[in-house]
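In what follows, a single structure is set out as structure tokens and then discussed.
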Amino acid sequence: MRPFAYSRPRDAAAAVAEVSADPEACYLAGGTNLVDHLRLGITRPGLLVDLRDLLDDGVEEMPGGGLRIGAATPNSDLAAHPLVRRRHPMLSAALLSGASGQLRNAASTGGNLLQRTRCAYFRDTAAPCNKREPGTGCSALEGHGRHNAVLGASRHCVAVHPSDMAVALTALDARVRVLGPGGERVVPLPGLHRLPGDEPHRDTVLEHGDLITAVELPDPPRGRRSAYRKVRDRASYAFALVSVAAALEVADGRVRGVRLALGGLAHAPWRARRAEEALTGAPATADAFREAARAELADARTGPDNAFKPALAVATVTAVLRDLAARGDR
Amino acid sequence: MDATITLHVDGEEHRLTVDTRTGLLDALRDRLGETSPKKGCDHGQCGACTVLVEGRRILSCLALAVSHDGARVTTAAGLAPRGDLHPVARAFVDRDALQCGYCTPGQVCSAVGVLDEAARGWPSLVTDESGDDPGEGAPVPLDREEIRERMSGNLCRCGAYTHIVDAVESVGSAGAGGEAAR
Chain X
1 MRPFAYSRPR DAAAAVAEVS ADPEACYLAG GTNLVDHLRL GITRPGLLVD LRDLLDDGVE
61 EMPGGGLRIG AATPNSDLAA HPLVRRRHPM LSAALLSGAS GQLRNAASTG GNLLQRTRCA
121 YFRDTAAPCN KREPGTGCSA LEGHGRHNAV LGASRHCVAV HPSDMAVALT ALDARVRVLG
181 PGGERVVPLP GLHRLPGDEP HRDTVLEHGD LITAVELPDP PRGRRSAYRK VRDRASYAFA
241 LVSVAAALEV ADGRVRGVRL ALGGLAHAPW RARRAEEALT GAPATADAFR EAARAELADA
301 RTGPDNAFKP ALAVATVTAV LRDLAARGDR
Chain Y
1 MDATITLHVD GEEHRLTVDT RTGLLDALRD RLGETSPKKG CDHGQCGACT VLVEGRRILS
61 CLALAVSHDG ARVTTAAGLA PRGDLHPVAR AFVDRDALQC GYCTPGQVCS AVGVLDEAAR
121 GWPSLVTDES GDDPGEGAPV PLDREEIRER MSGNLCRCGA YTHIVDAVES VGSAGAGGEA
181 AR
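The structure is reproduced here in structure tokens:
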């Protein structure tokens, strides 16, 4: 591991100034992804700027409605928070389906959003990888492809985004507060995470020095029910093959509102706008849900190892929406 | 590059100078001789290094020592300061919940964390949240499905899982065991 200097600035603005001024600096929050990458040699900073005690670590109601989640809020505290469990069951479930109890106790909200792909070739520093070392090629294209993306991939990268929480936040129209060298701004979800294109080394639209300080969530409309379902190779403690974050409002047997985001399929959490549009006003039936999901997956491109993904995604979307439509008032 | 930090480990204060790259696990084992947390994978995948920091179970391999200056760390060895076995460790012995024993200190620390989290009403993915008020915070009863889900971050290559669930279940139903976490 390359030696690095370590700094604990007095506040968030000082942290942003320190990282912005040094191209080899990076932030440290919960460390669950970064420390592993330091050890693997994927990330080789010259300076670690520790965010400990600098950012809010709780959930509060905003004056005009909605919730504000401090970026330092650990994943486990966020999942267990009463306001999150009442208003956004899908977010609590998404968090609880990710990682393990120990990791959720350490991992932060901001860090979860910025965690990097678990593509095996990205993690193997002996293998070419355009995300880790731009221009070296993509080993996953011809390699083991079970987890590869099927939507929005490019010939430069077929990695998928690993976060469950980010899929829920993408469905819930979350807004991320970012403090950068030029001041504060708001980045919406979807919009934070990028598709790979010809710059797969860039996971998000954030620039060097940008710091996520909070996530804001609008309140759900009355009568909305939400759920998160994750399909994976073992029952717990594994990354998603396919995951679905869905929120649904039904009135008189018809879909009044729907929010749908998919995980495990793309370089970014995939907001299923096409399916949402097809479903709004449609009958709340399994047939309609299936047809909308098929339309969303129509452009999927698969290889021999991940050919199951589109059908699995369609089946999972259909099942989650059908269950939400059949359920009581939450 | 070096940094001088203080760690409170199992009730004892230590002042030490570490390279900034040192993980908390390596600081505990190699610098302080606290060898009950084990190094399994060193990548956050196996749970053998689980300790309690400020009462929360975390993976000490993915924590930097320098970032834990001033932290209160409890290892499996420190759960029973007077040489007695902690109720969770006692249950592991009584229920034959180990073979080689390498993962056991991490399993025990994780189980203590599980009992504390459930007592505070934290849900897991398998907790039924369909009640009137899912956010009310009532303690979550730990049935076998809950224990399996909550302990999934601790691998056991000997495959002692069935007896590990027995052990945690016996302490959970006795309503004790998580108090050492805080």
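Heads up: the sequence lines are chains X and Y, in that order.
Quick note on full-length UniProt numbering: the first sequence kicks off at 1 and runs consecutively.
Quick note on full-length UniProt numbering: the second sequence kicks off at 1 and runs consecutively.
Even glycine gets a Cβ: it sits at the ideal position worked out from N, Cα and C.
Just the Cα atoms here: how many angstroms apart are residue i and residue j?
| i | j | result |
| --- | --- | --- |
| TYR6 of chain X | CYS61 of chain Y | 18 Å |
| LEU59 of chain Y | ALA282 of chain X | 47 Å |
| ASP124 of chain X | LYS39 of chain Y | 21 Å |
| ARG157 of chain Y | HIS163 of chain Y | 14 Å |
| LEU297 of chain X | HIS147 of chain X | 16 Å |
| ASP116 of chain Y | ALA251 of chain X | 42 Å |
| SER20 of chain X | GLY180 of chain X | 8 Å |
| ALA311 of chain X | ALA14 of chain X | 49 Å |
| GLY31 of chain X | ALA214 of chain X | 18 Å |
| PRO123 of chain Y | MET151 of chain Y | 13 Å |
| ASP287 of chain X | ASP166 of chain Y | 44 Å |
| GLU277 of chain X | ASP299 of chain X | 16 Å |
| residue 219 of chain Y | ASP26 of chain Y | Residue 219 of chain Y lies beyond the stretch modelled for chain Y, which goes from 1 to 182, so this question has no answer here. |
| GLY46 of chain X | ARG39 of chain X | 14 Å |
| ALA275 of chain X | SER154 of chain X | 22 Å |
Got a sec? Which residues, its chain only, sit under 8 Å from residue i by beta carbon, not counting five neighbours each side?
| i | result |
| --- | --- |
| VAL66 of chain Y | ALA3, ILE5, VAL18, THR20, THR22 |
| ARG132 of chain X | ILE42, PHE122, THR125, HIS201 |
| ASP323 of chain X | ALA227 |
| GLY44 of chain Y | LEU59, CYS61, LEU62 |
Nearest chain X C-beta to residue i closer than 8 Å, yes or no?
| i | result |
| --- | --- |
| ILE5 of chain Y | no |
| SER36 of chain Y | no |
| THR162 of chain Y | no |
| ALA63 of chain Y | yes |
| PRO123 of chain Y | yes |
| ILE58 of chain Y | yes |
| VAL114 of chain Y | yes |
| GLY137 of chain Y | yes |
| GLU169 of chain Y | no |
Excluding the five sequence neighbours on either side, which residues of its own chain have a C-beta within less than 6 Å of the C-beta of residue i, listed in chain order?
| i | result |
| --- | --- |
| PHE239 of chain X | ARG118, PRO162 |
| VAL317 of chain X | VAL244, ALA293 |
| LEU48 of chain X | PHE4, TYR6, LEU28 |
| PRO190 of chain X | THR170, ARG271 |
| MET165 of chain X | ALA94, LEU95, ASN112 |
| VAL88 of chain Y | VAL108, ALA111, VAL112, VAL171, GLY177 |
| ALA48 of chain Y | LYS38, GLY40, CYS103, GLY106 |
| ASP329 of chain X | Only weak support is given to the placement of ASP329 of chain X: the predicted model assigns it a pLDDT of 46, under 50, and the value that follows is read from those uncertain coordinates. Excluding positions up to five away in sequence, the list is empty. |
Quick one: does residue i have its CB under 8 Å from some CB of chain Y?
| i | result |
| --- | --- |
| ALA204 of chain X | Reading off the sequence, residue 204 of chain X comes out as Thr, not Ala. False, the Cβ-Cβ gap to chain Y never drops below 8 Å. |
| ASP50 of chain X | yes |
| TYR27 of chain X | no |
| PRO128 of chain X | no |
| PRO162 of chain X | no |
| PRO3 of chain X | yes |
| THR32 of chain X | yes |
| ASP124 of chain X | no |
| SER243 of chain X | no |
| GLY257 of chain X | no |
Give the residues of chain B in contact with residue i, contact being defined as C-beta atoms less than 7 Å apart.
| i | result |
| --- | --- |
| VAL66 of chain Y | The structure shown contains no chain B; its protein chains are X and Y. |
With a cut-off of 8 Å on the beta carbons, I'd call residue i and residue j a contact; round off their distance for me.
| i | j | result |
| --- | --- | --- |
| ARG31 of chain Y | LEU16 of chain Y | 6 Å |
| ALA268 of chain X | VAL258 of chain X | That pair is no contact at about 20 Å. |
| VAL231 of chain X | LEU265 of chain X | Contact flag wrong, Cβ pair sits at about 11 Å. |
| ARG85 of chain X | PRO134 of chain Y | 4 Å |
| THR109 of chain X | ALA71 of chain X | 5 Å |
In chain order, what residues of the same chain lie with their CB nearer than 7 Å to the CB of residue i, ignoring the 5 residues before and after it?
| i | result |
| --- | --- |
| GLY121 of chain Y | GLY137, ALA138, PRO139, VAL140 |
| VAL314 of chain X | ARG290, ALA293, ARG294, LEU297 |
| GLU18 of chain X | SER7, PRO9, ALA25, VAL49 |
| ALA149 of chain X | VAL158, ALA159, VAL160, LEU265, ALA266, HIS267 |
May I ask you to list, following chain order, the residues of the stretch 215–228 of chain X that have a beta carbon less than 7 Å from some beta carbon of chain Y? none
Contact residues within the stretch 104–121 of chain X, judged by C-beta distance below 7 Å to chain Y: ASN105, ALA106
Using a Cβ-Cβ cut-off of less than 9 Å, give me the residues of the stretch 4–28 of chain Y that come near chain X, in sequence order. ASP19, THR20, ARG21, GLY23
The stretch 76–90 of chain Y: which residues have C-beta closer than 8 Å to a C-beta of chain X, in chain order? none
For the stretch 140–158 of chain Y, which residues have a beta carbon sitting closer than 9 Å to at least one beta carbon of chain X? ARG148, GLU149, ARG150, MET151, SER152, GLY153, ASN154, LEU155
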